[in-house]
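Have a look at the structure below before the remarks.
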Amino acid sequence: MSKKSTAKPAAKKATSAKAKAPAKTAAKSATTKKAAPKKSDFGGLSEEILLNMHDLMVKSRVLEERVIKIYKAGEGYFWIGGPGEEAFGVPLGLLARKGKGLEHDWFHLHYRCTPTMVALGMPMIEAVRLMMNRATDPSTGGRNFAGHYCFPQWNVAPVTSPIEVQYPIACGTAHAQKRAGHKSISIVTGGDAGTAEGEFATCLVWSSRKGQELPVLITVQNNGYGISTPYEGQHGET
Numbered sequence: 000m001s002k003k004s005t006a007k008p009a010a011k012k013a014t015s016a017k018a019k020a021p022a023k024t025a026a027k028s029a030t031t032k033k034a035a036p037k038k039s040d041f042g043g044l045s046e047e048i049l050l051n052m053h054d055l056m057v058k059s060r061v062l063e064e065r066v067i068k069i070y071k072a073g074e075g076y077f078w079i080g081g082p083g084e085e086a087f088g089v090p091l092g093l094l095a096r097k098g099k100g101l102e103h104d105w106f107h108l109h110y111r112c113t114p115t116m117v118a119l120g121m122p123m124i125e126a127v128r129l130m131m132n133r134a135t136d137p138s139t140g141g142r143n144f145a146g147h148y149c150f151p152q153w154n155v156a157p158v159t160s161p162i163e164v165q166y167p168i169a170c171g172t173a174h175a176q177k178r179a180g181h182k183s184i185s186i187v188t189g190g191d192a193g194t195a196e197g198e199f200a201t202c203l204v205w206s207s208r209k210g211q212e213l214p215v216l217i218t219v220q221n222n223g224y225g226i227s228t229p230y231e232g233q234h235g236e237t
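Numbering (numbering that gives the first Met the number 0), first residue to last: 0 to 237.
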């Protein structure tokens, strides 16, 4: 009797283990599957993209604040930049088709473009070298102001001090891109107060002529400030 009763539980145990095996295998199979990237409610962007954007925005802001300290300490002669424009500048740099030549996007930026440059991949130290007028500055060799970048390898045209002169130049590269048959665009940025300049109107006209439309992305940022044009009387808004 005792032998019989010992055998029965053993068989039951074996059957139970056998029944559990498929579930264990299924669980293992489920864990080995690569988890799909989580989508957020913010435009359907993945968590990975959002974290990368946030990382670059923080770096851009910290860089601007560091450069301001360099200026206030008397280690640099002149500062101008765009703290507060990180949420615009970083995505612009990430979305662009970076490279050299007409098949890639062209950049015609104003001097508040550090976030875009950081997003494109510019090492942060290059902004410091430009601020301190070092000969090792890759943009100008230390011969220009802060924020006046120039990276030919990424189609970043020289940033200039006179405001809005970049707008009609953007029409030129866009015309060349269109003639070459590429899908690239020319990106031009500027400030709201600068739209009072004639170059801005010229860009609007030349880029939108019927039958000769140009691949230009015109962007205007309003930080509430203007060199000589009060924001309140700048233009009518709908």
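We put the beta carbon where it would ideally sit given N, CA and C, even for glycine. Predicted model, so just to flag it, every value in this text is computed and none were measured.
Subject >> Coarse secondary structure for His107, derived from DSSP in three states >> reply: strand
**OP:** Can you tell me which of the three DSSP states Gly92 falls into?
**Re:** helix
Original post:
Near Pro167, what residues of its chain come up, given a Cβ to Cβ distance below 6 Å and the 5 sequence neighbours on each side ignored?
Top reply: Glu198, Thr201, Cys202
**OP:** Could you pull out every residue in the same chain whose Cβ sits closer than 7 Å to the Cβ of Phe87, ignoring the five residues on either side in sequence?
**Re:** Gln220
**OP:** Could you spell out where the alpha helix (DSSP H) holding Ser183 opens and where it closes?
**Re:** No alpha helix (DSSP H) contains Ser183, which DSSP labels as neither H nor E.
Original post:
For Thr218, which residues does DSSP report across the bridge?
Top reply: Thr188
**OP:** With a 10 Å radius around its C-beta and 16 neighbouring C-beta atoms as the bar for buried, classify Arg111 as buried or exposed.
**Re:** buried
Original post:
What is the DSSP secondary structure of Phe199, reduced to helix, strand or coil?
Top reply: helix
**OP:** Quickly, what does DSSP pair Val155 with across the bridge? List them, please.
**Re:** Phe106, Phe150
Original post:
For the candidate residues Lys177, Ile162, Lys182, whose alpha-carbon lies nearest to that of Glu212?
Top reply: Lys177
Original post:
Is it buried or exposed for Ile106, if we count other Cβ within 10 angstroms and need 16 for buried?
Top reply: Just to set this straight, residue 106 is Phe in the shown sequence, not Ile. Phe106 comes out buried.
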